[in-house]
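For the sequence shown, the residue numbers in our numbering are 1 to 137. Just so it is clear, CB atoms sit at the ideal spot from N, CA and C, and this is done for glycine as well. Below is one structure; the comments refer to it alone.
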Amino acid sequence: MWIMFAFLSALFAALTSIFAKIGIENINSNLATAIRTVVVLIMAWLMVFFTGQQSGLNHLTQKNWIFLVISGICTGLSWLCYYKALQIGEVIKVVSIDKFSIVLTMILSFLILKEIITLKMFLGIILITFGTLILIF
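Right under this line is the structure:
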């Protein structure tokens with residue numbers, strides 16, 4: 001059961017990065033962080049006001065709001081799955097699978113954001129995948 005939660009944690013962590021990338025288009029990244037991060041909400045809003053970026057609120061589009069909210073939901077789901085996996089599984093195995101989000105993020109950035117995967121990145125994906133499998137089995 002812990003494997004499922006650890007893989008879900010990796011998937012949601014990867015989706016967090018993808019949706020945040022889409023959501024921060026044409027807005028200040030501090031403002032985007034404040035919107036999508038529930039746990040550090042107070043600190044993020046303080047940073048927005050401290051840097052004088054609060055005027056960026058007037059420039060948020062519906063697309064910005066939608067993808068920042070989705071990114072925040074993915075963050076929450078990732079954390080919930082991660083802590084559940086940690087509760088019932090071995091830390092080294094859970095963390096290994098959680099960090100597999102690097103591979104998922106690269107694949108999703110290629111599929112969703114149309115980013116280029118170079119030969120070096122492809123080899124990294126293969127090595128991280130095999131490394132993860134070696135650590136968990």
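Check whether residue i and residue j have beta carbons under 8 Å apart
i           : j           : result
residue 74  : residue 15  : yes
residue 23  : residue 68  : yes
residue 122 : residue 70  : no
residue 132 : residue 100 : yes
residue 35  : residue 93  : no
residue 128 : residue 102 : yes
Assigned secondary structure, residue i (DSSP; H/G/I helix, E/B strand, else coil)
i           : result
residue 105 : helix
residue 1   : coil
residue 76  : helix
residue 87  : helix
residue 53  : coil
residue 16  : helix
residue 93  : helix
residue 68  : helix
residue 7   : helix
residue 30  : helix
residue 100 : coil
residue 113 : coil
Integer-rounded CB distance, given that residue j should sit under 8 Å from residue i
i           : j           : result
residue 6   : residue 85  : 4 Å
residue 44  : residue 26  : Wrong, their Cβ atoms sit about 19 Å apart, outside the cutoff.
residue 11  : residue 104 : 6 Å
residue 28  : residue 72  : With a Cβ gap of about 16 Å, residue 28 and residue 72 do not count as contacting.
residue 106 : residue 134 : Wrong, their Cβ atoms sit about 19 Å apart, outside the cutoff.
residue 1   : residue 88  : 6 Å
Neighbour flag for residue i against chain C, beta carbons, 8 Å
i          : result
residue 90 : Absence of chain C from the displayed structure is noted, only one protein chain being present.
Heavy atom of the ligand GDP within 7 Å of residue i beta-carbon
i         : result
residue 5 : The ligand content of the structure shown is nil, which means the ligand GDP is not present either.
Enclosing alpha helix (DSSP H) for residue i [first to last residue]
i           : result
residue 129 : 119-136
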